[in-house]
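In the numbering used here, the protein residues as written are 29 to 170.
Set out below in structure tokens:
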């Protein structure tokens, strides 16, 4: 990066009518230059692995009331899973949303689908990018 330079200059100029200006004295009186910075001073990562879990905040999206309980999304206080409406039943898509943050490392999001809570017999553990994603995959038990 370019170093910081602070300079105090002095200049004495004589202005004579009809003859113009004449510089009598011009010199740097004081100067300071900081050393060049060769690394990112905002990088605060440590080499130690971050073993702390991310902070998962309460998540709430307004859910439209529906007369059929099959159309209501499955929700917890930490995430939202909703089937994308208007698609053929043979090729469904689901929208996953979660709010998680970690001040020490990047948060990586994964999902898996099973026929029982915590299971992965329909889709194995898969990474997706970002706090919101629409997943459209063929979901058949293995």
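In this text, a Cβ means the ideal position worked out from N, Cα and C, and glycines have one as well.
Hey, out of 144, 83 and 78, whose CA is closest to residue 133's CA? 78
Specify the secondary structure class of residue 60 as computed by DSSP and reduced to three states. Of the three classes helix, strand and coil, the one that applies to residue 60 here is strand, per DSSP.
Report the three-state DSSP secondary structure of residue 39 (helix, strand or coil). In the structure shown, residue 39 sits in a strand (DSSP, three-state: E or B).
By the 10 Å Cβ neighbour count, where 16 or more other Cβ atoms means buried, how is residue 126 classified, buried or exposed? Residue 126 should be labelled buried.
May I ask you to report which of helix, strand or coil DSSP gives residue 135? In this structure, residue 135 counts as coil in the three-state DSSP scheme.
In terms of alpha-carbon separation, which member of 58, 36 and 32 lies closest to residue 64? Among 58, 36 and 32, the Cα nearest to that of residue 64 is on 32.
From 36, 147 and 80, residue whose alpha carbon lies closest to that of residue 54: Comparing Cα-Cα distances from residue 54 to each of 36, 147 and 80, the minimum goes to 36.
CA nearest to the CA of residue 131, picked from 120, 81, 58 and 116: 81
What does the alpha-carbon distance come out to for the pair residue 98 and residue 83? Reliability of the predicted coordinates at residue 98 is poor, the pLDDT of 46 falling under 50, and no value is obtained from them.
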